[in-house]
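Okay, structure first, notes after.
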Amino acid sequence: MAKVVDLYFKLLKLLIVLCMLAMIVLVFGNVVLRYAFNSGISVSEELSRWFFVWMIFLGALVALKDRAHLGMDSLVKRLPPAGKRLCLVIGHLLMLYICWLIFSGSWQQAVINLDVVAPASGLSMALFYAAGLVFGASAAAILVYELYLALFGKLGDDELVMVKDNDAAEAIAHNPIKSTRP
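Structure (structure tokens):
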């Protein structure tokens, strides 16, 4: 099962790279065509916006799995293990509710816009809202798994704080630069 999950997240990372590459090619190509040849790609703006939305949602999934989102842990770090576990459970339950809101809202919009086509590309607008569906379902799966680990004591005390420390920030805190001013 772990191999399937790793393969899924490698696929997500590849899709993120492809979205970024497509955005760069479309936007740069359109700029060159407009200023050098007084023409352009009509679908460029629309598709680059779609790729951007998909890239953000997929990147948020990868960051959630890697625990790479920004967070403030100064209070939670000082709590005893039971308090850390309680904060983690409450936080994950709140995030699961947000995932449900994103998923259900994206589902409603996808159904409403199923027959609506985008003006430049002619693609169904449901594809645009499908990014929220993929995010909501995948993020909920990650959160449920982490909630299971937390509730059944399969996380160590150091894993109960879901924010990773930034190595650069720690290096600065431990080795401050001395001022050269008199």
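Following the working numbering, the numbering of the sequence shown begins with 1015 at its first residue and continues without gaps.
We put the CB at the ideal spot given by N, CA and C, even for glycine.
- In the three-state reduction of the DSSP assignment, Ser1138 falls in the strand class, which pools E and B.
- Residue state for Val1057 is assigned as coil, using DSSP reduced to three classes.
- The Cβ atoms of Glu1060 and Ala1124 do not sit closer than 8 Å to each other.
- The region 1071-1079 makes no contact with the region 1042-1056; the number of CB pairs closer than 8 Å stays below 3.
- Take Leu1163, set aside five residues on each side of it, and the residues of its chain with a beta-carbon closer than 7 Å to its own are Leu1169, in chain order.
- The C-beta of Met1069 has 16 or more other C-beta atoms within 10 Å across all chains shown, which makes the residue buried.
- A residue is called buried when at least 16 other Cβ atoms come within 10 angstroms of its Cβ; Ser1056 does not meet this threshold and is exposed.
- With contacts defined by Cβ atoms closer than 8 Å, Arg1081 and Val1177 form a contacting pair.
- Going by DSSP, Phe1051 is part of the alpha helix (DSSP H) stretching over Ala1016 to Phe1051.
- Taking C-beta atoms under 8 Å as the contact rule, Leu1032 and Met1109 fail to qualify, at a distance of about 27 Å.
- Inclusion of Val1039 and Val1175 in the CB contact set at 8 Å is not warranted, their separation being larger than that value.
- Here Cys1113 really is in contact with Gly1150; their C-beta atoms are around 5 Å apart, less than 8 Å.
- Sorting Leu1137, Gly1136 and Glu1160 by C-alpha distance to the C-alpha of Leu1107 places Glu1160 at the top.
- Proximity to Pro1095 across Asn1052, Asp1172 and Gly1119 peaks at Asp1172, based on C-alpha coordinates.
- For Phe1066, the CB contacts under 7 Å within the same chain, skipping 5 residues up- and downstream, are Met1037 in chain order.
- Relative to the Cα of Gly1085, the nearest Cα in the group Leu1072, Ile1030, Gly1146 and Leu1102 belongs to Leu1102.
- Here Ile1030 is buried: its Cβ has 16 or more other Cβ atoms, across all protein chains shown, within 10 Å.
- Spanning the alpha carbons of Arg1099 and Leu1093 requires a straight line of approximately 9 Å.
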